[in-house]
Every structure is written in structure tokens, then in C-alpha cells.
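All remarks here apply to the structure that follows.
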Amino acid sequence: MKVVWEFIKFMFYSGLIVVISKYALVPVLRTLAESLNLKPKTVGNIAGVATSVPELLTVSFSAVTGLVSASVYNIISSNIINTVQYLLAIFMNKNQRHLQNRALKVDLILAALTIVIPILMVILNIEFSIALVPVFILLFVLFYFINHNVHKLYLNKLTQEEKEIEEEEKWVRGKKKIMVKYTFLLLIISILLYIIGSLLSNTLEDLCMQFKIPQLIIGILLGFITSIPELITFFEAQRHHKRQEDGEDGVIEATSNLLTSNILNLFFIQSIGILLFYLLGR
Numbered sequence: 001m002k003v004v005w006e007f008i009k010f011m012f013y014s015g016l017i018v019v020i021s022k023y024a025l026v027p028v029l030r031t032l033a034e035s036l037n038l039k040p041k042t043v044g045n046i047a048g049v050a051t052s053v054p055e056l057l058t059v060s061f062s063a064v065t066g067l068v069s070a071s072v073y074n075i076i077s078s079n080i081i082n083t084v085q086y087l088l089a090i091f092m093n094k095n096q097r098h099l100q101n102r103a104l105k106v107d108l109i110l111a112a113l114t115i116v117i118p119i120l121m122v123i124l125n126i127e128f129s130i131a132l133v134p135v136f137i138l139l140f141v142l143f144y145f146i147n148h149n150v151h152k153l154y155l156n157k158l159t160q161e162e163k164e165i166e167e168e169e170k171w172v173r174g175k176k177k178i179m180v181k182y183t184f185l186l187l188i189i190s191i192l193l194y195i196i197g198s199l200l201s202n203t204l205e206d207l208c209m210q211f212k213i214p215q216l217i218i219g220i221l222l223g224f225i226t227s228i229p230e231l232i233t234f235f236e237a238q239r240h241h242k243r244q245e246d247g248e249d250g251v252i253e254a255t256s257n258l259l260t261s262n263i264l265n266l267f268f269i270q271s272i273g274i275l276l277f278y279l280l281g282r
């Protein structure tokens, strides 16, 4: 009976992280980005960061609890599910024609690599040790460099004059009052997420240590739960820009969201999980 109660708490705390991310964190970051009149790629990047917060919390608290395998499977399943959800959103919105752009093709190849790399590591039984952290950081920089430059090469639509006008508009719209307001909201949201993440950590420890639930199962469940915010933002981005009759911008935003989320999950968040496991893991 107690194991059922622990599973209920596990689902409840995980669900709370998703709900807060979806209805508080993501909207706040998106509103802030649009207030500053940012480009679709930048908005997508910000959404990618926001939707990776649940993974950051679950991986971090899993690692501190000593469940490093659960954190690894969490990242693998999250990246797979993110990619499947992205493709589903693209096809349901009938935007697959926009994927012919070379920059988006490169982004999708990079996103696929964020799935292939950890799966190969598991198959080849390569340990997720602290020695991988600098390798992951270098890969993170490399992927970002490639993404930035292919977009600059193939999706640079603005003239120099338009760029200057856009920069001026960013500063006009991005007033200090807006920045202070949303920074305060982000702080409150972060505190709430931390508290819930701590409770989730205790539940994870009970499930794996006391009731012998395999870390593979825990990791996959976390992957499904923490990928829900990405599903929301993939559809939202395309609906938002479809209303403005610019379907390609919606695809650019969703693709940037996918790639940013997957890169952060594998290279940055997984590195944090490894470091926490070796430094603080119980």
C-alpha cells in the first residue's frame, strides 16, 4: 500500500513541475521575449530553456539522491519524446514544406544526434562519469556554433537597415519596468519549482531504495512527464505564427525550441547531474 502512495506522490510532484512550467514559467518567458520584439529563433531558444527546467530539476534531484541511471534514462527518453512531439506538431499543422530550408535540416540532424549519442553510450556501456563533463561542454559549444552559423547563413532575411530598426525597437519595448516585473516573477517560480523538486527527490529515493523500482522505469516515466511543456510550445509556436500568416516563422521557433531543449538536456543538464552525483550523491 505504501508503494502505491509513493507512486501517487511521484506523479503529483512531477505533474506540479509540469503545470508550473507550462502555465507560469513558459508564458512569462514568452511574454518577456515578445515584449522585447525578439526574432522567432530567439523566442524558440528561450522557450527551449524554459521547457528544459523540469528536466533540470528531475535530473538534479535524481543525481543528488544517487539515482544517476534514472537521470540518464530521463534525458534519453525526454529527447526522443521531444523529437516525436515536434514532428507530430509539424505534420498536424501541415508545415512540413518549411523543413526544406537548409538551416532547419541541419537543426534536425543535430537534434537527432542528441538522441543517437546517449543511446550509443548506453549500448556500448560507456559510463556517464565526471570525465564526460568537459566533453559534453565542448559538444554543447560546437552544436551551438553550428546552429548559430547555419541560421546566419540561410535564414538571415533582414537588411542592415531593418536590423538597426529592430534593435531600436527592442530597447524601446524592453523597458526597465517590464524587466523588473518578469525577473521577480521568474524568481518566485524558481523557488516554487525548487521546493517541489526537493519533495520529488525524496519520493524518488523511497521508490528506488525501499521498493526496488528499477531506475530505467523511473527515468522513462520522468521523460514522459517532463516532455509535456515542449509539446505545448511546439503547437503554440505554429498556431501563433499561423494567425500572422507566417508559417515558416512558427516552424523556425518550434525547431529552435526542440534543438535548444535537446542540447541543454544532453550536454548541459546531464553534466550537472553527473557533477551532482559525484559531489553530493547519497
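Numbering of the sequence shown is given in the numbering used here, commencing with residue 1 and proceeding in unit increments.
Heads up, the beta-carbon is just placed ideally off N, CA and C, and yes, glycines get one too.
Through-space distance from residue j to residue i, alpha-carbon basis
i	j	result
Glu248	Ile189	32 Å
Val3	Glu55	24 Å
Glu253	His240	10 Å
Asn125	Val43	37 Å
Leu120	Ile146	22 Å
Leu199	Ser71	16 Å
Ile336	Leu193	The first residue shown for the chain is 1 and the last is 282, placing residue 336 beyond what the model contains.
Thr58	Ser201	8 Å
Thr260	Leu108	11 Å
Ile287	Leu204	This structure gives no information on residue 287, because the portion of the chain shown stretches from 1 to 282.
Phe7	Val150	45 Å
Val64	Tyr154	42 Å
Leu25	Glu236	15 Å
Leu207	Ser35	43 Å
Thr51	Phe211	30 Å
Ile46	Gly15	22 Å
Tyr13	Ile228	14 Å
Pro118	Glu230	20 Å
Asn262	Lys105	15 Å
Val135	Thr114	14 Å
Leu303	Lys41	In the structure displayed, the chain extends from 1 to 282; residue 303 sits before or after that span and is not available.
Val251	Tyr144	18 Å
Ile220	Val122	14 Å
Leu258	Met209	34 Å
Val286	Ile213	The shown model of the chain, from 1 to 282, leaves out residue 286, and the question about it has no answer.
Leu264	Ser271	9 Å
8 Å Cβ cutoff, residue i in contact with chain B
i	result
Phe136	In the displayed structure, chain B is absent; only one protein chain is listed.
Per-residue burial, residue i [other beta carbons within 10 Å of its own, 16 or more giving buried]
i	result
Glu127	exposed
Leu266	buried
His148	exposed
Lys152	exposed
Gln96	exposed
Ala301	This structure gives no information on residue 301, because the portion of the chain shown stretches from 1 to 282.
Ser129	exposed
His224	A small correction: the amino acid at residue 224 is Phe; His does not occupy that position in the sequence shown. So Phe224 counts as exposed.
Ile274	buried
Leu279	exposed
Ala131	exposed
Val116	exposed
Tyr23	exposed
Val68	buried
Ile191	exposed
Lys255	Looking at the sequence itself, residue 255 is Thr, so the reference to Lys does not match. With 16 or more Cβ atoms within 10 Å of its Cβ, Thr255 is classed as buried.
Thr233	buried
Thr226	buried
Phe184	exposed
Every unbroken alpha helix (DSSP H) inside the region 188–254 [4 residues or more]: The qualifying runs are 215–226, 228–243.
Start-end ranges of the alpha helix (DSSP H) lying completely within the region 40–82, minimum 4 residues: Those alpha helix (DSSP H) runs which fall completely within the region 40–82 and span 4+ residues are 40–51, 53–64.
Touch test, the region 137–146 against the region 88–104, Cβ-Cβ under 8 Å, three pairs minimum: No: the two stretches stay apart, fewer than three of their Cβ pairs being nearer than 8 Å.
Validate contact between the region 63–79 and the region 95–102 using beta carbons, cut 8 Å, 3 pairs: As far as the Cβ criterion goes, the region 63–79 does not touch the region 95–102, which means the pair count is below three.
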